[in-house]
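Below is one structure, written out as structure tokens; the observations come after it.
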Amino acid sequence: MTATLSASVATKARGSLGGLLGGGFTGFVLRRVLGALVTLFVLSVVIYAVFYVAPGDVAQITCGPRCSPAQVQQVSDQLRLDDPLYTRYLDFLRGIVVGHDYSTGTGVLHCDAPCLGLSYQTDQQVTELILNKVPVTGSLALGAMVLWLILGVGTGVLSAWRRGRATERILTGVTLAGTATPVFVIGLILMILVCGQLQWLPFPQYVPFTDDPQQWAWNLLLPWVSLALIEAAKYARLTRASMLETLAEDHVRTFRAYGVKERSIVGRHALRGALAPVIALSANDFGSMFGGALLTETLFGLPGLGRELVHAVRVVDLPVVVGMVMVTGFFVVLANAVADVLYAVADRRVVLS
Amino acid sequence: MSEALLASETPGTGAATAPAPASGARQFWRRLRTQRAALVAAAVVALLVLVALAAPLLTALEGQDPTSYHPGLVDSARGGVPVGSFGGMSADHWLGVEPQTGRDLFARLVHGARVSLGVAVVATVLQVAIGVAVGLASGLGGRWLDQTLSRATDVMVALPLMVLALALLAVVPSGFPRPVLVALVIGFVGWGGIAKVVRAKTISLKSLDHVAAARLSGWGGVRIARRELLPALAAPVITYAALLVPTNITVEAALSFLGVGVKPPTASWGQMLTSADVWYQAAPQYLLLPAAALFVTVLALTVLGDGVRTALDPRAASRLRIGTGRKREGAA
Numbered sequence: 001m002t003a004t005l006s007a008s009v010a011t012k013a014r015g016s017l018g019g020l021l022g023g024g025f026t027g028f029v030l031r032r033v034l035g036a037l038v039t040l041f042v043l044s045v046v047i048y049a050v051f052y053v054a055p056g057d058v059a060q061i062t063c064g065p066r067c068s069p070a071q072v073q074q075v076s077d078q079l080r081l082d083d084p085l086y087t088r089y090l091d092f093l094r095g096i097v098v099g100h101d102y103s104t105g106t107g108v109l110h111c112d113a114p115c116l117g118l119s120y121q122t123d124q125q126v127t128e129l130i131l132n133k134v135p136v137t138g139s140l141a142l143g144a145m146v147l148w149l150i151l152g153v154g155t156g157v158l159s160a161w162r163r164g165r166a167t168e169r170i171l172t173g174v175t176l177a178g179t180a181t182p183v184f185v186i187g188l189i190l191m192i193l194v195c196g197q198l199q200w201l202p203f204p205q206y207v208p209f210t211d212d213p214q215q216w217a218w219n220l221l222l223p224w225v226s227l228a229l230i231e232a233a234k235y236a237r238l239t240r241a242s243m244l245e246t247l248a249e250d251h252v253r254t255f256r257a258y259g260v261k262e263r264s265i266v267g268r269h270a271l272r273g274a275l276a277p278v279i280a281l282s283a284n285d286f287g288s289m290f291g292g293a294l295l296t297e298t299l300f301g302l303p304g305l306g307r308e309l310v311h312a313v314r315v316v317d318l319p320v321v322v323g324m325v326m327v328t329g330f331f332v333v334l335a336n337a338v339a340d341v342l343y344a345v346a347d348r349r350v351v352l353s
Numbered sequence: 354m355s356e357a358l359l360a361s362e363t364p365g366t367g368a369a370t371a372p373a374p375a376s377g378a379r380q381f382w383r384r385l386r387t388q389r390a391a392l393v394a395a396a397v398v399a400l401l402v403l404v405a406l407a408a409p410l411l412t413a414l415e416g417q418d419p420t421s422y423h424p425g426l427v428d429s430a431r432g433g434v435p436v437g438s439f440g441g442m443s444a445d446h447w448l449g450v451e452p453q454t455g456r457d458l459f460a461r462l463v464h465g466a467r468v469s470l471g472v473a474v475v476a477t478v479l480q481v482a483i484g485v486a487v488g489l490a491s492g493l494g495g496r497w498l499d500q501t502l503s504r505a506t507d508v509m510v511a512l513p514l515m516v517l518a519l520a521l522l523a524v525v526p527s528g529f530p531r532p533v534l535v536a537l538v539i540g541f542v543g544w545g546g547i548a549k550v551v552r553a554k555t556i557s558l559k560s561l562d563h564v565a566a567a568r569l570s571g572w573g574g575v576r577i578a579r580r581e582l583l584p585a586l587a588a589p590v591i592t593y594a595a596l597l598v599p600t601n602i603t604v605e606a607a608l609s610f611l612g613v614g615v616k617p618p619t620a621s622w623g624q625m626l627t628s629a630d631v632w633y634q635a636a637p638q639y640l641l642l643p644a645a646a647l648f649v650t651v652l653a654l655t656v657l658g659d660g661v662r663t664a665l666d667p668r669a670a671s672r673l674r675i676g677t678g679r680k681r682e683g684a685a
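Top line first, the protein sequences correspond to chains A and B. 166 is the number that this note's numbering gives to position 166 of the first sequence; each next residue is one higher, with no gaps. 547 is the number that this note's numbering gives to position 194 of the second sequence; each next residue is one higher, with no gaps.
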């Protein structure tokens with residue numbers, strides 16, 4: 001799905017800007033960046049519109065059910081809900097570029113340059129709030145990602161290599177079961193077994209890497225494994241499917257006719273062809289992580305972006321919610337663009353096609 | 354006439370072949386029947402649907418209901434652990450009772466099936482409706498309409514479904530019945546993929562003779578879409594929708610697990626798991642039953658979805674199989 005997303009963005013940019021940016025690699029990169037910028041702009045408009053033209057009464061929801069009409073009006077003034085939507089949106093954009101000063105009853109609250117607003121609950125800057133949580137989610141995401149790429153791609157390659165044999169059938173069954181298991185179910189069961197019954201590991205508690213690297217890894221081991229198991233299943237299926245597709249192509253048949261060894265066909269040629277969708281999916285998943293690994297963080301009580309978002313939704317802290325959704329979308333689009341360019345560096349045929 | 358044309362035209366257009374509607378349904382069943390795994394999955398799904406539909410009947414048979422508290426059946430001195438062995442299993446409470454509240458587990462489990470399947474089906478119908486409408490309008494409309502809708506679709510695809518659904522649940526009015534709300538939110542955010550598929554297919558269909566002929570005879574966009582395009586779009590849309598159902602079930606369970614989806618007293622599998630880890634020693638079935646129910650449901654629906662894809666698009670399926678079995682290699 002992501003592959004088509006980036007591909008279609010690229011196609012569209014080429015259609016409208018065709019000769020303007022020229023061909024070749026530079027042109028490809030420029031078109032891709034421009035496409036990403038347009039998507040980002042639309043993204044911010046759509047998100048802003050959806051959340052602030054929501055069917056509910058935003059001021060009432062933000063304030064809570066027990067607010068008096070006067071208090072609701074105060075919230076409405078502070079969020080400037082009576083202003084037309086486009087002025088508020090432009091204001092929001094200005095905040096991102098140059099920062100923002102919010103006047104409260106008693107003084108002025110300053111919000112620094114990439115300003116996404118202030119938390120309605122704590123008056124903390126949303127940008128700061130998000131930045132504080134990045135190390136936690138980053139630790140979780142990076143470790144898990146290394147695991148699931150090794151496990152997932154490895155399994156996929158193995159089952160494509162051993163196609164038609166018992167190994168493939170078993171692996172296909174296991175990965176299918178993996179895709180059918182929600183991460184909070186496998187995590188819950190693992191936590192009960194490993195931390196509760198067997199007491200091999202402590203119940204996870206986030207320890208910053210800078211404090212104690214060993215404790216950091218020890219505590220994150222279970223969340224990494226839980227997240228990686230589920231994601232690996234997805235990657236294994238994808239790798240297997242696209243490898244089988246590559247293996248059916250004419251050039252592979254030619255390799256076979258020339259007597260190239262099966263191991264080399266699978267391990268070198270088919271794998272290279274199958275890597276594009278895997279890279280695209282990794283980029284997308286990496287970007288998505290900025291929305292937090294919602295379920296894993298909540299289950300294991302890790303204070304990352306995901307748990308922050310869940311908390312913000314529960315207490316209806318709209319600026320935090322909107323800010324987090326925007327940042328997530330931003331990183332997904334960014335990661336997709338970077339993946340496309342990187343892939344074009346690795347395989348110049350992408351530029352031509 | 355258009356149907357006959359369609360059947361003869363589509364082979365050149367892409368991966369998904371639209372079977373001619375006259376024999377299509379029969380062919381579909383024939384191809385589905387040959388897949389053993391898909392058949393077993395279909396049986397499991399049918400059973401689950403039956404359980405969901407008959408939930409009130411089943412609980413009446415047991416003599417319980419999903420929302421009544423039974424404080425006498427939990428030991429409040431020990432924090433609400435169910436009284437008796439195996440989490441309070443008895444002739445009255447077939448699968449035991451929920452810790453703390455003493456609500457009947459069997460009743461909550463079968464009523465949870467209603468929520469799970471109901472929410473997923475409504476959400477999928479909504480996703481398909483929006484996705485097909487946006488995709489068709491995008492593919493048939495002028496440049497500006499196409500650009501605008503495509504960008505909106507890109508945004509929907511770029512944002513993780515869970516994040517957006519979760520965030521939206523913060524701003525929707527709370528007066529609505531919760532399951533309906535969750536279904537609407539999932540349906541509203543998950544249509545991007547289908548819109549992309551439909552747009553691409555529409556654009557490739559647009560250049561075909563019978564569609565061009567319809568245009569030249571002055572047919573409007575809506576009529577062309579309904580008479581000439583929708584029959585050809587059915588196969589890819591059904592394939593996609595079949596795989597959306599298990600995804601939607603997982604999303605509902607996840608949202609309810611996070612405490613923002615379906616809320617008690619309404620029973621939902623995801624919500625039942627929220628506090629299950631605290632009780633695993635005293636009442637392991639409180640954790641294992643909803644987890645198993647979720648697993649079996651999603652697995653069955655995924656296998657069925659794969660089967661539907663193979664039945665609707667045998668060429669893609671066989672493409673993946675070419676050269677796979679050693680025996681077939683010679684033939685390929």
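All C-beta atoms, glycine included, are put in the ideal place defined by N, C-alpha and C.
Residue j beta carbon less than 7 Å from that of residue i
i	j	result
B/Ala620	B/Gly465	yes
A/Val136	A/Gly304	yes
A/Gln121	A/Val315	yes
A/Gln197	A/Asn219	no
A/Leu40	A/Val333	yes
A/Phe290	A/Thr328	yes
B/Leu385	B/Gly660	yes
B/Ile556	B/Tyr593	no
A/Cys195	A/Phe184	no
B/Val656	B/Ala396	no
B/Ala588	B/Gly658	no
B/Gly455	B/Val427	yes
Where the beta strand (DSSP E) containing residue i begins and where it ends
i	result
A/Leu109	108-111
For residue i, the first and last residue of its enclosing alpha helix (DSSP H)
i	result
B/Pro409	408-415
B/Ala646	637-665
B/Val550	545-559
B/Ser443	Run containing B/Ser443: none; DSSP gives neither H nor E here.
A/Val174	166-180
B/Arg504	496-511
A/Leu201	Counting along the chain, A/Leu201 falls outside any alpha helix (DSSP H), and DSSP gives it neither H nor E.
A/Glu308	305-314
A/His251	250-257
A/Trp224	213-247
B/Thr603	583-610
B/His563	562-569
B/Tyr422	Counting along the chain, B/Tyr422 falls outside any alpha helix (DSSP H), and DSSP gives it neither H nor E.
B/Asp630	Premise fails: B/Asp630 is in no alpha helix (DSSP H) and is neither H nor E.
B/Val613	Element bounds for B/Val613: n/a, residue is neither H nor E.
A/Ser288	271-288
A/Phe41	24-52
Sheet register partners of residue i (DSSP bridge)
i	result
B/Val450	B/Asp457
A/Leu118	A/Gln125
A/Tyr102	A/Leu109
B/Pro435	B/Val427
Cβ separation of residue i and residue j, assumed to be a contact under 8 Å, to the nearest whole Å
i	j	result
B/Leu479	B/Gly540	3 Å
B/Leu489	B/Ala578	5 Å
A/Leu271	A/Arg163	Going by Cβ atoms, the distance from A/Leu271 to A/Arg163 rounds to 14 Å, so no, they are not a contact pair.
A/Val207	A/Gln215	4 Å
A/Ala232	A/Leu151	4 Å
A/Gly323	A/Gly178	Going by Cβ atoms, the distance from A/Gly323 to A/Gly178 rounds to 33 Å, so no, they are not a contact pair.
A/Ala180	B/Leu652	4 Å
A/Ala228	A/Ala339	Contact doesn't hold; Cβ gap of about 20 Å is too wide.
B/Ala460	B/Pro419	4 Å
Residue i CB to nearest heavy atom of the ligand ATP below 6 Å
i	result
B/Leu400	What this structure holds is no ligand at all, so the ligand ATP is not there to describe.
Practice prompt. Pull out every residue of the stretch 502-515 of chain B whose Cβ sits closer than 7 Å to any Cβ of chain A, in chain order.
Written response: If the cut-off is 7 Å between Cβ atoms, the stretch 502-515 of chain B has Ser503, Arg504, Ala505, Asp507, Val508, Val510, Ala511, Leu512, Pro513, Met515 near chain A.
Item to complete: Residues of the stretch 424-458 of chain B with a CB closer than 9 Å to any CB of chain A: list them in chain order, please.
Response: Cβ contacts with chain A come from no residue of the stretch 424-458 of chain B.
Discussion item. Tell me which residues of the stretch 82-112 of chain A have at least one Cβ-Cβ distance to chain B shorter than 8 Å, keeping chain order.
Written reply: Residues of the stretch 82-112 of chain A with a C-beta less than 8 Å from any C-beta of chain B: none at all.
Worksheet entry | Contact list for the stretch 589-616 of chain B against chain A, Cβ threshold 8 Å | Pro599, Thr603, Ala606, Ala607, Phe610, Leu611, Gly612, Val613
Worksheet item: Which residues, taken in chain order from the stretch 287-302 of chain A, show a beta carbon closer than 7 Å to some beta carbon of chain B?
Response: Ser288, Gly291, Leu294, Leu295, Thr298
Worksheet item: If contact means a Cβ-Cβ distance below 9 Å, which residues of the stretch 464-477 of chain B contact chain A?
Response: none
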